[in-house]
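Visitor: Chains as they are written, first to last, in our numbering: chain L, 2 to 427; chain V, 2 to 427. Note that CB positions come from ideal geometry on N, CA and C, so glycine has one too. Small disclaimer: the values here were computed from a predicted structure and weren't measured.
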């Protein structure tokens, strides 16, 4: 195969006819496939469904003297706090165990920052003239959505292979209106990047002008390797404390991709001062979170070491899917030289960079052929990809045989949109 | 026994010496008893712990085609929405099934009203000069706390035997700053009053000046009879719709006192327009609530009829406790004529009215003798009981033998504080 960039117009036109015919053929199949969201597959959920019977008797429901079935322990069951401290490498006192969704706690933090302020806020953010959030992108669309919902100005920070462009992040620290940065530090969504040690150190050492600048450290994929062994990762709370920024970071994790998606438990890890402050704040809205499910999870997952064994089961289902995505892209697209993508060892996504200016068109072609993908642009603030290039592939949900078909449609659509672009048809 | 009001000062002084000696005796026992919060007893939790095994296999996890273990169905599983519609007598489309706590959804409604507004809001409430909440009292302290947290002005509305003083409520409807009213319409907290049909009709027919006036209809005890048969209760959504106020009411219920306290599921019932609006709003913070627990509850509780049978089990534990409270008060206090209390058939509380000016002192005497009760004043906005008279007795948690001791302490403390008051010692 010749790279498109080395082809004459005539050759491109010939290719266009061939690829157009391929596209019409797959479109005619009337497929209905979904690679849109990071949802676990049924096979994964089945592999962890012993969770359902981890707690079956009255006696099982006790965590020491505490009856998980009754009100109390707002910050979480002691065993659940200890479990998360083990997973994240921090102290149990720095853990607040919440409900089924870490996103909900992130949104609560932002919501209360707007109406009441964080520790150190001179005033509630709704009283500020303007509030700005730094948004390394491509990133997680739901992070951006929360910022947009609350009217923050979203500032695009490019991602590099080692994490956010830290020169740019640091340059924004002099602006007191910059109040937050949102990151997924390990197996970033969607690039699958693990932030480098240097990036992490520079983040911990930021000197923000805003006294209440906060980092949402969404460690959603903290133990989510599907290839190779677990990659150790530093405790951001300690690093921030060492740099004199103990209250700057709010870390989040959940079991949504360990046990059941949306049916697990979540945690926030933060300084003891922040945990104390937010236990007070959350005490207004909650008597206590679902401790029965917390205990069910502790009994099933046990500790970090045992959870890593469970993650191997997920890996056994996930790895072949990522290999399928890689194979199609490497075979069909790599030789044509007009696109690139990452090859992550963990997380839930493959980040694909189409020929600039063709991401929306590629998405649309896939969609018309029955393959649903995350909207083009969704991985950028305000859904505006400056290069119209990034697409997020979420291969976890469909079985491999469906994924094969979806990847055929995607690779054909990639070629067709690139050819349309090169031939001035877009 | 002679009523205190018929005693001479000398007789009162004699009584004081006797009661003081009784108090010193019980205080010396070093008791540690709790009648502070509406927590179910262990015996109740044990009676419903088959919930733990209502969902044990992969096959159990499906609600029709929907896998409860995966993301999706933000407004709740279809079966869970149908369940709550059955319980509350509304339509499934009017139900949003949330997480473990209805209080959390109430707080979310207020939070989003402040930052974004409700349907029909001219502007977010944080942009209003002032926002006022009508607070029928005695009422639920956590309702008042949410209003206070958001800086609303809390307006005290006296409770009558048929519900809130509706003349006063209606008189406030001309004030556009009045944005909310919070009520527990069946077995009100703490008075145990069932709002009369006329009160309910007048509430549904309110003509508020604020276009976004909202009623929090916290139907926490909708099926919570512990004496006699289930008392049917009208569907407030239909009544509001008939009166041209379809979007005015948000009804809440939960299984916190049906299955596990803080480990159950909750629902909001509202107009379809409100459900649509808040599904959008909640979609910012949640991918979906815990549907596994929703399905677990549907399989265990089945429907309203079966749930009412389960409530009979709770009644078998609750009724003797309320009888114990009644017996002590009727035997020890009624003949003395200085206090009164309600005698509810459902809910979780006995509302006790001490001699005016002695509730704090009674609470304090109990506390010093090792009996913890809800703080005096807590049942009023800003914790200010205008008569310093109301105490909330929550007899559900302690076993009957502990309750006997706690009631002995309470009745002695009631007498002692009344005698102190009458003798000018307070």
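(1) Where does residue 348 of chain V land, buried or exposed, given buried means 16+ other C-beta within 10 angstroms?
(2) Beta strand (DSSP E) containing residue 35 of chain L: first to last residue?
(3) For chain V, find out if any of its Cβ atoms is closer than 8 Å to the Cβ of residue 38 of chain L; answer yes or no.
(4) Using 8 Å as the cut-off, can you tell me whether the stretch 269-278 of chain L makes contact with the stretch 292-305 of chain L, which would need three or more C-beta pairs spanning the two stretches below that distance?
(5) Whose Cβ in chain V lies nearer than 8 Å to the Cβ of residue 50 of chain L?
(6) Between which two residues does the beta strand (DSSP E) harbouring residue 250 of chain L extend?
(7) Between residue 104 of chain V and chain L, is there a C-beta pair that is closer than 8 Å?
(8) Determine the direct distance from the alpha carbon of residue 341 of chain V to that of residue 34 of chain V, and round the result to whole angstroms.
(9) Using a Cβ cut-off of 8 Å, pull out every chain V residue sitting near residue 312 of chain L, in sequence order please.
(10) For residue 315 of chain V, which of helix, strand or coil comes out of DSSP?
(11) To be precise: take each residue of the stretch 250-263 of chain V, compare its Cβ to all Cβ atoms of chain L, and keep it if any distance is under 9 Å. Which residues remain?
(12) What residues of chain V sit near residue 151 of chain L, judged by a beta carbon separation below 8 Å?
(13) Short of 8 Å in beta carbon distance, which residues of its chain neighbour residue 454 of chain V, apart from the five on each side in sequence? Order them along the chain.
(14) Provide the residue span of the alpha helix (DSSP H) that contains residue 244 of chain V, from first to last.
(15) Kindly indicate which residue of V:18, V:31 and V:11 has the alpha-carbon position closest to the one of residue 410 of chain V.
(16) Scan the stretch 194-232 of chain L and note each continuous beta strand (DSSP E) run of 3 residues or more that stays entirely inside, going in chain order.
(17) What does DSSP give as the partner residues of residue 267 of chain L in its beta bridges?
(18) Per DSSP, what kind of secondary structure is residue 148 of chain V in: helix, strand or coil?
(19) Below 7 Å on C-beta distance, what does residue 206 of chain L contact in chain V?
(20) Is residue 101 of chain L close to chain V? Criterion is C-beta to C-beta, closer than 8 Å.
(21) Please report the straight-line C-alpha distance between residue 48 of chain V and residue 327 of chain V, rounded to a whole angstrom.
(22) Look at the alpha carbon of residue 331 of chain V and the alpha carbon of residue 394 of chain V, and state the distance between them as a whole number of angstroms.
(23) Out of L:242, L:133 and L:187, state which residue places its alpha-carbon closest to the alpha-carbon of residue 226 of chain L.
(24) Does the stretch 94-110 of chain L come close enough to the stretch 158-165 of chain L that 3 or more CB-CB pairs lie under 8 Å?
(25) Could you give the DSSP three-state label for residue 341 of chain V: helix, strand or coil?
(26) So, does the CB of residue 277 of chain L fall closer than 8 Å to a CB anywhere in chain V?
(27) Nearest-angstrom Cα distance between residue 256 of chain V and residue 81 of chain V?
(28) How long is the line joining the alpha carbons of residue 259 of chain V and residue 315 of chain V, rounded to whole angstroms?
(29) Output, in chain order, the set of chain L residues within a Cβ distance shorter than 9 Å of residue 224 of chain V.
(30) What residue range does the alpha helix (DSSP H) around residue 420 of chain V cover?
(31) In the DSSP output, what is residue 183 of chain L paired with across the bridge?
(32) Could you tell me which uninterrupted alpha helix (DSSP H) segments, each at least 4 residues in length, are contained entirely in the stretch 24-70 of chain L, listed from first to last along the chain?
(33) Pull up the CB-CB distance for residue 43 of chain V and residue 61 of chain L, whole angstroms please, since I reckon it's below 8 Å.
(34) Using a Cβ-Cβ cut-off of 7 Å (strictly less than) and excluding sequence neighbours within five positions of residue 352 of chain V, which residues of its own chain qualify?
(35) Determine the extent of the beta strand (DSSP E) in which residue 136 of chain L is found, giving its start and end residues.
(36) Going straight from the alpha carbon of residue 248 of chain L to that of residue 240 of chain L, what length do you get?
Guide: The answer reads as follows:
(1) With 16 or more other Cβ atoms within 10 Å, it is buried.
(2) Looking at the DSSP string, the run of the beta strand (DSSP E) that includes residue 35 of chain L is 34-36.
(3) By this cut-off, residue 38 of chain L is an interface position.
(4) Verdict: no, contact absent.
(5) Chain V residues near residue 50 of chain L: 58, 59, 62 and 70.
(6) Secondary structure note for residue 250 of chain L: its beta strand (DSSP E) is the uninterrupted segment 250-255.
(7) Chain L, which has a Cβ nearer than 8 Å to the Cβ of residue 104 of chain V, makes this yes.
(8) Rounded to whole angstroms, the separation of the alpha carbons of residue 341 of chain V and residue 34 of chain V is 23 Å.
(9) Taking a Cβ-Cβ threshold of 8 Å, none of the residues of chain V is close to residue 312 of chain L; the smallest such distance is about 17 Å.
(10) Helix, per DSSP.
(11) So the close ones are 257, 260, 261, 262 and 263.
(12) Per Cβ cutoff of 8 Å: 116.
(13) Beyond the ends of chain V as shown, which are 2 and 427, falls residue 454 of chain V; an answer cannot be given.
(14) First-last for residue 244 of chain V: undefined, no H or E at that position.
(15) Out of V:18, V:31 and V:11, the CA that lies nearest to the CA of residue 410 of chain V is found in V:31.
(16) Counting whole runs of 3 or more residues, the stretch 194-232 of chain L contains the beta strand (DSSP E) stretches 215-219.
(17) Residue pairing of residue 267 of chain L in beta bridges, as defined by DSSP: L:255.
(18) Residue 148 of chain V sits in a helix when the DSSP states are folded into three classes.
(19) Ordered by position in chain V, no residue passes the 7 Å Cβ test against residue 206 of chain L, which lies about 31 Å from the chain.
(20) Using a CB distance cut-off of 8 Å, residue 101 of chain L counts as an interface residue toward chain V.
(21) Answer to the nearest angstrom: the Cα atoms are 25 Å apart.
(22) Whole-angstrom Cα-Cα distance: 15 Å.
(23) Checking every option, the nearest Cα to that of residue 226 of chain L belongs to L:187.
(24) Per the Cβ contact rule, the stretch 158-165 of chain L is not in contact with the stretch 94-110 of chain L (fewer than 3 Cβ pairs under 8 Å).
(25) In this structure, residue 341 of chain V counts as strand in the three-state DSSP scheme.
(26) Taking 8 Å as the threshold, the shortest C-beta distance from residue 277 of chain L to chain V does not fall below it.
(27) Straight-line Cα distance between these residues: approximately 12 Å.
(28) Going from the Cα of residue 259 of chain V to the Cα of residue 315 of chain V covers about 8 Å.
(29) Going along chain L, no residue has its Cβ under 9 Å from residue 224 of chain V, so there is no contact; the nearest lies around 19 Å.
(30) Taken as a continuous stretch (DSSP letters only), the alpha helix (DSSP H) holding residue 420 of chain V covers 401-423.
(31) DSSP output for residue 183 of chain L lists L:217 as bridge partner(s).
(32) 43-48, all fully within the stretch 24-70 of chain L.
(33) Actually they do not touch by this definition, with Cβ atoms about 14 Å apart.
(34) Non-local C-beta neighbours of residue 352 of chain V in its own chain, meaning closer than 7 Å and more than five positions away in sequence, comprise 139, 191, 192, 193, 342, 343, 391 and 393, ordered along the chain.
(35) Segment 133-138, the beta strand (DSSP E) holding residue 136 of chain L.
(36) One C-alpha to the other measures close to 11 Å.
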